[in-house]
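*Asks:* Quick note, the sequence shown lines up with residues 4 to 412 if you use my numbering.
All C-beta atoms in this analysis are idealised placements derived from N, C-alpha and C, irrespective of residue type, glycine included.
Note that the coordinates shown come from a computational prediction; the quantities given were computed from them, not determined experimentally.
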Amino acid sequence: MRQLLAWTLAAAAALAAAPTAPAARPHCPRLTTSWHGDNRARLQRVIDARGTCSGHTGAVAAFDWDNTVTKNDVTDATLSWALRHDRLPRPARWKDTSAWLTEAADRALTAACGTGAGAPLRTSAEPRCTDEILEIRENATTMSGAPAFAGHWNHRRTVPQYAWVPQLFAGRTPAELASYARAARREALAAPVGATRVLGTHTVPAYVRPYGQMRDLIRTLHRAGFRVYVVSAGAEPVTEVWSKGVGVDAAHTIAIRPVLDRRGRITTRDEGCGGVPATRGAVIPHIDGKRCWINQEVYGVRGAAAWQRQPWRRRPALAAGDADTDVTFVGDATGAHLVIDRGKPELMCRAYDDADGRWLVNPMFIDPLPRRTTPYPCSATAWTAPDGTPGPLLRPDGSVVPDQAGRTT
4 MRQLLAWTLA
14 AAAALAAAPT
24 APAARPHCPR
34 LTTSWHGDNR
44 ARLQRVIDAR
54 GTCSGHTGAV
64 AAFDWDNTVT
74 KNDVTDATLS
84 WALRHDRLPR
94 PARWKDTSAW
104 LTEAADRALT
114 AACGTGAGAP
124 LRTSAEPRCT
134 DEILEIRENA
144 TTMSGAPAFA
154 GHWNHRRTVP
164 QYAWVPQLFA
174 GRTPAELASY
184 ARAARREALA
194 APVGATRVLG
204 THTVPAYVRP
214 YGQMRDLIRT
224 LHRAGFRVYV
234 VSAGAEPVTE
244 VWSKGVGVDA
254 AHTIAIRPVL
264 DRRGRITTRD
274 EGCGGVPATR
284 GAVIPHIDGK
294 RCWINQEVYG
304 VRGAAAWQRQ
314 PWRRRPALAA
324 GDADTDVTFV
334 GDATGAHLVI
344 DRGKPELMCR
354 AYDDADGRWL
364 VNPMFIDPLP
374 RRTTPYPCSA
384 TAWTAPDGTP
394 GPLLRPDGSV
404 VPDQAGRTT
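1. Following the continuous alpha helix (DSSP H) through Asn142, name the residue where it begins and the one where it ends.
2. Assess contact between the region 337-344 and the region 359-370, defined as three or more Cβ pairs (one per stretch) separated by less than 8 Å. Is contact present?
3. Going along the chain, which unbroken runs of the beta strand (DSSP E) with 3 or more residues stay wholly within the region 268-294?
4. With a cut-off of 8 Å, does the C-beta of Thr133 fall near any C-beta of chain C?
5. Can you tell me which residues form a DSSP beta bridge with Phe66?
6. Alpha carbons only, please: which of Pro373, Tyr355, Ile343, Asp291 is nearest the one belonging to Thr1?
7. Check whether the Cβ atoms of Ala385 and Leu372 sit closer than 8 Å, and answer yes or no.
8. Using 10 angstroms around the beta-carbon of Glu106, count the other beta-carbons present and answer buried if the total reaches 16, otherwise exposed.
9. Whole beta strand (DSSP E) runs in the region 28-86 with 3 or more residues, listed along the chain?
10. So does the region 195-208 actually touch the region 239-247, counting three or more Cβ pairs closer than 8 Å?
11. Select from Ser101, Ala102, Ser127, Ala95 the residue whose C-alpha is nearest the C-alpha of Val113.
12. May I have the straight-line CA-CA distance separating Ala102 from Gly284, to the nearest angstrom?
13. Measure the beta-carbon distance from Leu124 to Cys116 and round it to whole angstroms, keeping in mind my assumption that it falls under 8 Å.
14. By alpha-carbon positions, which one of Gly391, Cys352, Asp400, Asp390 ends up nearest to Ser382?
15. Touch check for the region 76-84 and the region 55-66: three-plus C-beta pairs under 8 Å?
16. Measure from the alpha carbon of Pro405 to the alpha carbon of each residue in Val244, Ala354, Arg160, then state which is nearest.
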């Protein structure tokens, strides 16, 4: 008995002393495409730290769409297709299409396009009408140079000409608008990179391309257990058609959401955010509006609190954008602020100041901008106030961000 006990104790001691096999390492999805500088490695570190590689799931990644995930604007591509195929409905009065449309714009559109609800606009055969619509969309002026919008709006919550595009489709259904977007998508993907077309006297891009690097990043984030969202200042029925192509479904796509009438048709009113009810475009996913929509739709924050920066666990781990309209939600990210360099001052000032060491700047993957030769005016005019006046950009501690030189090629 004593010998049996001794053998048992010895065996137990041997088992205790033997090295244990390491725990199986969770799968670590890897990025596979090339990025500027060390951006790929830095993105990979965030994916590894906040995803399945570290035993986590459910972190949020949020992406702007136009010129962030794609080269060129998909809402503009859809508008271009609609203008060439006579799909815009003729309004009873052009003044009804926007709360801020000026008398000058109303006169210009009426003269070039006519009025009278019911029949579609014959823009394919009316280049003057096409010109007025495109000029207002692109530059917020009429072809004669008169301001197209006037009045009061919060410049960190909306841009009238952005809100105006869905309003132009008032009377159509979301399904009809989505069908235009699908047709435009087929056309834009088939066109060669660099292709343009002339509409009226405007030369516009004829192609759109999802960036391979962004497609790979989104796919890798999904595999690593992230919840991936698109947040765009485009029309939601249009953005949903495109986001599906990179694996982001409609439930994870946030854009301008038109209010529908009783027949299910688009109106000139949009859904609200942060305690602001439906309006005629006063609150869209634009600058602070993108933060509001993410807080409300992703994290369930309601009322005025949705406009405020949330605690660390209620913010995206990774956020990506290309323009000043993205600066607030990209800055809210806790792991990486990814910027596609299109030379937009407020965003680039934040990125190059790099206050928390987590900003990543990447040139556009197609036709990148040349290196900027003059500094960004961060200390003077890079920030846009709610009333639209420019001013110095401040850090959270109140200090002024100094002017920044462009550093990507």
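*Replies:* Result, derived from the coordinates:
1. As a first step, residue 142 must be located in the sequence shown, where it is residue number 139. Counting along the chain, the alpha helix (DSSP H) containing Asn142 begins and ends at 130-142.
2. yes
3. 269-273
4. Absence of chain C from the displayed structure is noted, only one protein chain being present.
5. As a position in the sequence shown, residue 66 is number 63, starting the count at 1. Paired residues: Val233, Ala323.
6. Not covered by the structure: residue 1. The range shown for the chain is 4 to 412.
7. Within the sequence shown, residue 385 is the residue found at index 382, counting from 1. Within the sequence shown, residue 372 is the residue found at index 369, counting from 1. In this structure, the beta-carbon distance from Ala385 to Leu372 does not fall below 8 Å.
8. For this step, residue 106 is matched to residue 103 along the sequence shown. Exposed is the call here.
9. 63-66
10. no
11. As a first step, residue 113 must be located in the sequence shown, where it is residue number 110. Looking at the sequence itself, residue 113 is Thr, so the reference to Val does not match. For the residues Ser101, Ala102, Ser127, Ala95, the minimum Cα distance to Thr113 belongs to Ala95.
12. Here residue 102 refers to the residue found at position 99 when the sequence shown is read from its first residue. Here residue 284 refers to the residue found at position 281 when the sequence shown is read from its first residue. Between Ala102 and Gly284, the C-alpha separation is close to 8 Å.
13. Within the sequence shown, residue 124 is the residue found at index 121, counting from 1. Within the sequence shown, residue 116 is the residue found at index 113, counting from 1. Yes, they are in contact, since the Cβ atoms of Leu124 and Cys116 sit about 6 Å apart, within 8 Å.
14. On the sequence shown, residue 382 is found 379 positions in, with the first residue counted as 1. Checking every option, the nearest Cα to that of Ser382 belongs to Cys352.
15. no
16. As a first step, residue 405 is located in the sequence shown; it is residue number 402 there, counting from the start. Of the listed residues, the one whose Cα sits closest to Pro405 is Ala354.
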